[in-house]
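Chemist: Using my numbering, the letters of the sequence shown correspond one by one to residues 8 to 653. Every residue, glycine too, gets a C-beta built ideally from N, C-alpha and C.
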Amino acid sequence: IKTNQLHDFQQRTCATASRALPIMGKCEIICLLGNTGCGKSSVCEFINYNSNNNDNTIIAINRSSEELEIDLSAINKLIFEYTFDEENFNKIKLLDQTVKEQQIYWIVLDCEVDTILKRIQTKFARGLFETRKALSYYQQRFRHLSAHFGLPFIDTTQLTVEQVSDEVSDVVKKYSEYYRQYRRMGTQTLNYDFIQERDVENKLYGILNTYDFDLITHLPEYANEFDDIDKRKLFIKWYVNNNLPEIDHRRNIVKIGDYELPAVGTLLRLVTEGESKKVYKDVSGNPYTMHLAFIVLKSTIYSHSMQVTGEISNLSSVRACGSQLFLEMMWRNGLNHSYRSINCNGIIVSNFIDEIPPVEIIVKRYCEGTDKNSFYDILENEEIVLSNQNGEYLCGPYIRFDWRNPNHISPTTRKCLNRNPYYYIYEEAVGKEVFFKKILTNKQYALPVGDKNITEDLLTHVMNTKRVKLSVLKMFMVIQSYFSRVNLVIKDVCFMLDKKGEQFWSEVNQDCMRITAMDNSQNKFDKDIWRAGGLTSREQIMKKWNDFNIIFTAYFMKNKFHETELLNYNTYFYTQEINQLLANNTLKIPHNSRELWLDVRGKNQRRVLVTMDMYNGQPVLVKSSQVCEIHSDGNYWQAIKSIGIF
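(1) Helix, strand or coil for residue 2, going by three-state DSSP, please let me know.
(2) Buried or exposed, going by whether 16 or more other CB atoms sit within 10 Å of the CB of residue 378?
(3) DSSP on residue 83, reduced to helix/strand/coil?
(4) State whether the region 117-131 contacts the region 78-87, with contact taken as three or more CB pairs (one from each stretch) at a distance under 8 Å.
(5) Considering only C-alpha positions, which residue in the set 566, 493 and 381 is nearest to residue 526?
(6) Name the two residues that bound the continuous alpha helix (DSSP H) containing residue 552.
(7) Is it right to say residue 184 is buried, meaning 16 or more other beta carbons lie within 10 angstroms of its own, or is it exposed?
(8) In angstroms with no decimal places, state the Cα-to-Cα distance between residue 259 and residue 92.
(9) Who are the Cβ neighbours of residue 516 in its own chain at under 7 Å, not counting the five residues just before and after it?
(10) Do residue 116 and residue 163 have their beta-carbon atoms positioned less than 7 Å apart in this structure?
(11) Could you say which of 628, 567, 489 and 423 lies nearest to residue 86 if we only look at CA atoms?
(12) Check for me: the beta strand (DSSP E) holding residue 595 runs from which residue to which?
(13) Under the three-state reduction of DSSP, which class applies to residue 53: helix, strand or coil?
(14) Taking its Cβ as the centre, do 16 or more other Cβ atoms sit within 10 Å of residue 629, making it buried, or is it exposed?
(15) Three or more beta-carbon pairs under 8 Å between the region 427-438 and the region 404-412, yes or no?
(16) Give me the residue from 265, 294 and 300 with the minimum Cα distance to residue 276.
(17) Ends of the beta strand (DSSP E) at residue 382?
(18) Measuring CA to CA, which of 159, 639 and 581 is closest to residue 340?
(19) Cβ atoms of residue 370 and residue 500: under 7 Å apart, would you say?
(20) From the DSSP secondary-structure annotation, give me the bridge partner or partners of residue 120.
(21) Does the distance from the CB of residue 544 to the CB of residue 557 come in under 7 Å?
(22) For residue 70, which three-state DSSP category applies?
(23) Is residue 490 a contact residue of the ligand HEM, with contact defined as CB to any heavy atom under 6 Å?
(24) Comparing alpha-carbon positions, which option in 444, 478, 401 and 230 lies nearest residue 608?
(25) Kindly list the residues whose CB is nearer than 6 Å to the CB of residue 2, restricted to its own chain and excluding five residues on each side of it in sequence; keep chain order.
(26) Enumerated in chain order, which unbroken segments of the beta strand (DSSP E) with a length of 3 residues or greater are wholly contained in the region 424-488?
(27) Let me know the secondary structure DSSP gives residue 209 once reduced to three states.
(28) Near residue 236, which residues of its chain fall below 6 Å by C-beta distance, leaving aside the five closest residues on each side in sequence?
(29) Closest by CA to residue 120, which one among 470, 105, 136 and 110?
(30) Is the region 344-352 close to the region 193-201, with three or more CB pairs under 8 Å?
(31) Distance, Cα to Cα, residue 600 vs residue 466?
(32) Across the region 223-230 and the region 420-430, are there enough close Cβ pairs to call them in contact, namely three or more that are closer than 8 Å?
(33) Start and end of the beta strand (DSSP E) containing residue 95?
(34) Can you give me the C-alpha to C-alpha distance between residue 534 and residue 519, rounded to a whole angstrom?
(35) With residue 410 as the anchor, note down where its alpha helix (DSSP H) starts and where it stops.
(36) Just reading off the beta strand (DSSP E) that residue 141 is part of, what are its end residues?
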């Protein structure tokens with residue numbers, strides 16, 4: 008049954024009209040990919056057979072075509088493979104033209120799951136792959152494929168078939184050059200050199216030979232501490248910040264002040280930089296990248312509490328792999344992250360989130376870190392911490408909101424040091440560790456600040472705190488539900504979400520949580536290794552984080568979603584963890600926290616009486632008091648398994 012259902016699902020994700028394609032001479036071909044119920048078949052029908060819409064120079068398909076010699080089956084199978092299985096996942100390449108040199112355009116259609124469920128309920132019998140659990144997961148997998156290959160991603164939820172068809176056709180008719188540019192921006196091939204080559208500042212560096220250094224404003228107070236700084240870099244940073252790129256579509260150029268760059272490819276502008284990553288936006292005017300961010304992870308590590316920082320070769324790749332694994336956990340459980348795709352080079356394609364609340368949300372189950380170091384004798388207080396010596400809180404996991412302060416401020420101006428536009432130019436010039444010792448530990452130039460706890464009441468108009476709490480508690484238990492299967496415990500974790508509290512946007516990996524083995528070894532897989540050992544612990548933390556990635560790569564490869572979790576499509580691992588928490592008699596969970604957990608898990612289900620029409624011991628459909636069809640192969644147990652309520 009499982010094999011048949013999988014085959015049926017693959018056909019539906021790439022099914023098209025049965026009529027012969029109207030191929031007339033050389034044409035351009037659109038290949039549609041996407042979840043069941045996104046409208047692929049209807050769009051193909053409209054494009055191919057609506058004489059008012061097409062002159063037969065464009066053909067749309069969403070299943071393999073012998074006539075066109077295009078095989079889509081391998082592409083659709085990718086949603087059953089995993090990005091962290093890099094060797095096998097990257098074997099699949101998308102062809103940009105047929106053997107007859109016809110151009111191929113690949114497009115992913117998307118649709119909200121609630122809308123899909125309404126669309127498909129009357130069209131065909133629903134199986135495993137038409138359940139909410141499956142549709143939510145594969146929606147994320149197709150979203151990932153669009154970013155992995157660099158494919159236009161069209162949301163059909165609020166659009167008519169004609170409107171979707173117009174957007175699809177416009178990829179060929181209006182935006183073919185932008186399409187080709189975006190095809191080169193997929194994470195399958197995206198690397199650091201590509202980003203650097205298309206960085207606007209680097210392009211200006213190659214053409215700007217004369218400049219007036221005295222024009223630069225707001226140089227940092229410590230500028231005179233360094234002699235070997237590239238002044239041209241500083242000037243270009245100042246120039247770009249004061250002359251934002253402007254697109255001249257008529258002349259096909261991008262103007263930056265007095266300078267002009269040809270708008271014939273991707274142009275990236277660095278919009279923000281932090282301790283661990285750089286965030287770029289494409290300023291070339293490409294409609295397929297305008298809502299995306301391209302993020303480069305740095306191979307850096309930092310502990311504010313211990314005031315120690317450093318660079319570790321290839322750490323960005325290790326963090327990237329960890330993030331891939333946690334994204335898989337999120338996708339399996341209906342949680343949303345802004346990251347669409349991450350590759351092994353530490354390059355991320357993400358939704359661009361314009362308004363970011365300056366708030367970090369912490370979920371803590373054990374008295375570790377800030378709590379242990381801030382509250383005198385808290386570990387000895389048995390009304391707060393369990394007396395079993397492991398530091399678990401009596402109230403169960405709790406949520407703390409922290410206001411995101413700068414790591415360091417200037418003692419003179421009280422301004423955030425790394426908000427200075429030239430901060431990272433100076434740091435890069437001398438090296439992170441040298442810069443830290445010379446500037447950030449020097450009280451003349453820097454005072455450490457760090458995040459501080461803030462009451463939820465003050466955040467009422469900053470973000471949807473109720474929705475945030477539900478999201479982070481669910482995510483916490485999702486993580487623990489997988490950790491339990493490999494004998495690990497999550498002690499605490501920090502997240503960052505959008506204003507609505509529905510989308511995570513910060514890295515979720517070993518860097519943002521405390522992870523300990525359940526066995527007596529108490530092995531750690533988190534940044535406490537760095538906090539304790541500092542610069543001497545480089546090799547140890549790389550080993551532990553790699554070990555963690557190996558553990559979960561093996562777990563997910565052995566427990567593929569469609570072969571394990573999907574089979575129980577109305578249950579989730581995390582709800583079992585919540586049930587265990589609520590049933591733990593050693594804890595005293597406050598009423599308000601218990602209500603939150605019940606909201607995350609879902610309230611107790613009511614008893615429901617279900618009846619089934621039977622005739623001669625076989626399940627049947629009855630219409631107007633007449634038996635019209637025997638279903639489920641005449642097996643009533645099979646019929647029960649197919650009923651959505653179960």
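Modeler: On the basis of the supplied data:
(1) Here the chain comprises residues numbered 8 to 653, so residue 2 is not present and cannot be evaluated.
(2) buried
(3) helix
(4) no
(5) 493
(6) 545-565
(7) That one is exposed.
(8) Approximately 40 Å, taken between the alpha carbons.
(9) 326, 329, 330 and 333
(10) yes
(11) 567
(12) It is not in any beta strand (DSSP E) - residue 595 carries neither H nor E in the DSSP assignment.
(13) Helix, per DSSP.
(14) exposed
(15) no
(16) 300
(17) Premise fails: residue 382 is in no beta strand (DSSP E) and is neither H nor E.
(18) 581
(19) yes
(20) DSSP, once it has assigned bridges, lists no residue as partnering residue 120.
(21) no
(22) coil
(23) Of ligands this structure carries none, so the ligand HEM is not represented either.
(24) 478
(25) Within the shown structure, residues of the chain are numbered from 8 to 653, placing residue 2 beyond reach of any answer.
(26) none
(27) helix
(28) 436
(29) 136
(30) yes
(31) 19 Å
(32) Touching, yes.
(33) Segment 93-96 is the alpha helix (DSSP H) holding residue 95; no beta strand (DSSP E) there.
(34) 8 Å
(35) Residue 410 -> not in any alpha helix (DSSP H); beta strand (DSSP E) instead, spanning 405-410.
(36) No beta strand (DSSP E) contains residue 141, which is instead part of the alpha helix (DSSP H) from 139-156.
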